[in-house]
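Read the structure below first, then the notes.
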Amino acid sequence: MFPTGVFEEMFTAPEQSGYVGFANLPNQVHRKSVKKGFEFTLMVVGESGLGKSTLVNSLFLTDLYPERHIHSAAEKISQTVKIDASTVEIEERGVKLRLTVVDTPGFGDSLNSQDCFKPIIQYIDSQFERYLEDESGLNRRHIVDNRVHCCFYFINPSGHGLRPLDISFMKAVHHKVNIVPVIAKSDTLTLQECQQLKRKVMTQIAENGINLYSLPDCDEDEDEDYREQCRLLKEAVPFAVIGANTVIEVKGKKVRGRMYPWGVVEVENPDHCDFIKLRTMLITHMQDLQEVTQEVHYENYRAEKLGGGGTAPKKSRKPRNEETFNETDKRRPEGQQADISEREKQLQEKEQELRRMQEMITKMQAEMNQRNTPQKTQQNGEVKSQNV
Ligand code: GDP
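Position one of the sequence shown corresponds to residue 1 (UniProt numbering), numbered consecutively onward.
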């Protein structure tokens, strides 16, 4: 039993006049999301040996690949790309994150490297397909979102820029997934070499019309620190990273790093690499990455699917007025607009059809229930009369 007064305290109107209480809505949303947990899928692509697994383990402080098999050179020649999805549930201060990391071992290893991204595209598409099926089904409230929300593309630090395979891969998937380019093993580059490589990569990306994930612009009323953080994150692309799973003691402090005869390179030291920036970008933009996946990439897939498999014009994110990761996220040419409205009309028609079907099903179910109800009453009636 509650002591008297507790309910009163719980339900009395707030002191301030004109205060309804909806200022607490964000807490409700927060509580619900915390209870449900977050789902996020990160894909890592790049040739083997570039430090993908080491980086993922360093990012989430977990061992995602405890039983990993490293292929020999002979195996690699004939190897096709495998898709390896590992899911871990991480909990931090009561907040659960169901993280799926999709690794793509074998990428760029086989002699026939042009074909190596097909299984990756198939994987991304099959997750969209599954989501589309679930969404069109009756159990829409419990859909598990396994769509790929972000793809870290690992660039070889010794390659003097992007190789043809890097370019063709990014071009093949940039309208399907949010690409975030990273320069692997940046401890193998001097500061100057690293800056040069970053510039070269960004020029190649712009020249080839590749759309990278672009961080949203900050609102005018955002505080100065946050705006500065966003600016620095944008400036850091492609993120030059270092991964390490060993903890070393430096000046009495335990740090994650790589020990060389001349010193220790620290993963989490912003003077040594962009690891912290990459992690900040990922954590602070998880929701945005999910939104872009839903609103742009998934919508493109859906439009293409529902439009009968033809190549629908690609939707890009609502234009962001300022700097983006690259300058290619631009408005569509005017000629395409008519085509788009036609597609959107078709989409709306399909959606209406779907809604009609669902209404019919609900109506049929209601009718069936109604038919059942009198029977039950009758049965009850019978039982009752027997009893009497
Ligand atoms: P993956 O095949 O891309 O997953 O690569 P691994 O994570 O297995 O790393 C391959 C090798 O590179 C291992 O010996 C790692 O210790 C090493 N390595 C990983 N990250 C780095 C890094 O940032 N710098 C350097 N120099 N070596 C790294």
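Glycine included, C-beta positions come from ideal geometry on N, C-alpha and C.
Point to revise | Reduced DSSP category for Ser48 - H, G, I as helix; E, B as strand; rest coil | key: Walking along the sequence shown from the start, residue 48 turns up at place 48. Reduced to three states, the DSSP call for Ser48 is coil.
Check your understanding: Ordered along the chain, which non-local residues of its own chain (more than five positions away) have a Cβ less than 7 angstroms from that of Glu222?
Key -> The sequence position of residue 222 within the sequence shown is 222, counting from 1. If we look at Glu222 and ignore the five residues flanking it on each side, it has no Cβ neighbours.
Review point. Cα separation between Asn24 and Met368?
Key: For this step, residue 24 is matched to residue 24 along the sequence shown. For this step, residue 368 is matched to residue 368 along the sequence shown. Going from the Cα of Asn24 to the Cα of Met368 covers about 41 angstroms.
**Study point:** Whole runs of the beta strand (DSSP E) within the region 157-220, excluding any shorter than 3 residues
**Key:** 179-183
Practice item. Determine the DSSP secondary structure at Val247, reduced to helix, strand or coil. Key: Within the sequence shown, numbered from 1, the residue matching residue 247 stands at position 247. Strand at Val247.
**Study point:** Beta-ladder partner(s) of Ser154, from DSSP
**Key:** Against the sequence shown, residue 154 aligns to sequence position 154. Residue identity check: residue 154 is Phe in the sequence provided, not Ser. Paired residue(s): Val182.
Practice item. Apply the 10 Å Cβ neighbour rule to Arg93 and answer buried if 16 or more other Cβ atoms are within range, or exposed otherwise. Key: For the purposes of this step, residue 93 is taken as residue 93 along the sequence shown, with counting starting at 1. Flag for Arg93 reads exposed.
**Study point:** Sub-8 angstroms separation of Ile120 and His174 beta-carbons
**Key:** The residue given as residue 120 occupies position 120 in the sequence shown. The residue given as residue 174 occupies position 174 in the sequence shown. No, these two residues do not count as a Cβ contact at 8 angstroms.
Exercise for review: Specify, as a first and last residue, the run of the beta strand (DSSP E) that Glu91 falls within.
Suggested key: As a working note, residue 91 is residue 91 in the sequence shown. Residues 84-92.
Point to revise | Cβ-heavy atom distance, Asp271 to ligand 3, below 7 angstroms | key: Ligand 3 is not part of the structure shown, which contains ligand 1 as its ligands.
Review point. Near Arg98, what residues of its chain come up, given a Cβ to Cβ distance below 6 angstroms and the 5 sequence neighbours on each side ignored?
Key: For the purposes of this step, residue 98 is taken as residue 98 along the sequence shown, with counting starting at 1. Cβ within range, chain order: Gly37, Glu39, Glu89.
Check your understanding: How big is the Cα-Cα spacing for Glu248 and His272?
Key -> Position 248 of the sequence shown, counted from the start, is the residue given in the question as residue 248. Position 272 of the sequence shown, counted from the start, is the residue given in the question as residue 272. A small fix is needed here, since residue 248 is Ile in this sequence, not Glu. Roughly 15 angstroms between the two C-alpha positions.
Practice item. Measuring alpha carbon to alpha carbon, tell me which of Lys35, Ser48, Phe152 ends up nearest Leu289. Key: Sequence index remark: in the sequence shown, residue 289 carries index 289 (1-based). Cα-wise, what sits closest to Leu289 is Phe152.
Review point. How do the region 153-162 and the region 99-106 stand: do at least 3 beta-carbon pairs fall below 8 angstroms, yes or no?
Key: Counting C-beta pairs closer than 8 angstroms gives fewer than three between the region 153-162 and the region 99-106, which falls short of the contact rule.
Check your understanding: Helix, strand or coil: how does DSSP classify Asp223 here?
Key -> Here residue 223 refers to the residue found at position 223 of the sequence shown. DSSP places Asp223 in coil when its eight states are reduced to three.
Review point. If we ignore side chains and look at the alpha-carbon of each, how far apart do Arg320 and Lys176 end up?
Key: Here residue 320 refers to the residue found at position 320 of the sequence shown. Here residue 176 refers to the residue found at position 176 of the sequence shown. Below a pLDDT of 50, predicted positions are generally treated as unreliable, and Arg320, at 43, falls in that range; no measurement from the model is reported.
Point to revise | Cα-Cα separation between Asn27 and Glu353, rounded to whole angstroms | key: Residue numbering aside, residue 27 sits at position 27 when the sequence shown is read from its first letter. Residue numbering aside, residue 353 sits at position 353 when the sequence shown is read from its first letter. Taking the straight line joining both Cα atoms gives about 37 angstroms.
**Study point:** Residue closest to Ser186, alpha-carbon to alpha-carbon, out of Asp219, Arg141, Val241, Asp145
**Key:** In the sequence shown, the residue the question calls residue 186 occupies position 186. When each option's Cα is compared against that of Ser186, the closest is Val241.
Review point. Do Tyr123 and Arg147 have their CB atoms nearer than 8 angstroms?
Key: For the purposes of this step, residue 123 is taken as the residue at position 123 of the sequence shown. For the purposes of this step, residue 147 is taken as the residue at position 147 of the sequence shown. The answer is no: Cβ separation not under 8 angstroms.
Review point. What's the gap between the Cα of Asn269 and the Cα of Val250?
Key: Taking the sequence shown and counting its residues from 1, the one referred to as residue 269 is at position 269. Taking the sequence shown and counting its residues from 1, the one referred to as residue 250 is at position 250. Taking the straight line from one Cα to the other gives about 12 angstroms.
Point to revise | Proximity to Thr203 [Cα-Cα], best of Phe275, Ile283, Ile167, Leu189 | key: The residue given as residue 203 occupies position 203 in the sequence shown. Ranking Phe275, Ile283, Ile167, Leu189 by Cα distance to Thr203 puts Ile167 first.
**Study point:** Asp187 beta carbon near ligand 1 (any heavy atom closer than 7 angstroms)
**Key:** Residue numbering aside, residue 187 sits at position 187 when the sequence shown is read from its first letter. Flag set: Cβ of Asp187 near ligand 1.
Review point. Rounded to a whole number of angstroms, what is the C-alpha to C-alpha distance between Asn57 and Thr362?
Key: To locate residue 57, count along the sequence shown from 1; it is residue 57. To locate residue 362, count along the sequence shown from 1; it is residue 362. For Asn57 and Thr362, the distance between alpha carbons rounds to 47 angstroms.
Review point. What are the partner residues of Leu42, as DSSP defines its beta bridges?
Key: Here the question's residue 42 lines up with position 42 in the sequence shown. Its beta-bridge partners are Val101, Cys150.
Check your understanding: Quick one, which of Leu61, Lys32, Ala85 has its alpha-carbon nearest Val44's?
Key -> As a first step, residue 44 must be located in the sequence shown, where it is residue number 44. Ranking the options by Cα distance to Val44, first place goes to Ala85.
Exercise for review: Report yes if the CB atom of Gly161 is closer than 8 angstroms to the CB atom of Leu197, and no otherwise.
Suggested key: Stepping through the sequence shown from its first residue, residue 161 is reached at position 161. Stepping through the sequence shown from its first residue, residue 197 is reached at position 197. In this structure, Leu197 lies closer than 8 angstroms to Gly161 by Cβ.
Point to revise | Three-way DSSP call (helix, strand, coil) for Phe275 in this model | key: As a position in the sequence shown, residue 275 is number 275, starting the count at 1. Correct three-state label for Phe275: helix.
Exercise for review: Please report how far the alpha carbon of Gln107 lies from the alpha carbon of Gly46, in whole angstroms.
Suggested key: Reading the sequence shown from its first residue, position 107 is the one you call residue 107. Reading the sequence shown from its first residue, position 46 is the one you call residue 46. The sequence given here places Phe at residue 107; Gln does not occur at that position. Roughly 6 angstroms separates the two Cα atoms.
Exercise for review: Taking all protein chains shown into account, decide if Asp225 is buried (16 or more other Cβ within 10 angstroms of its Cβ) or exposed.
Suggested key: Here residue 225 corresponds to residue number 225 of the sequence shown, with the count starting at 1. Flag for Asp225 reads exposed.
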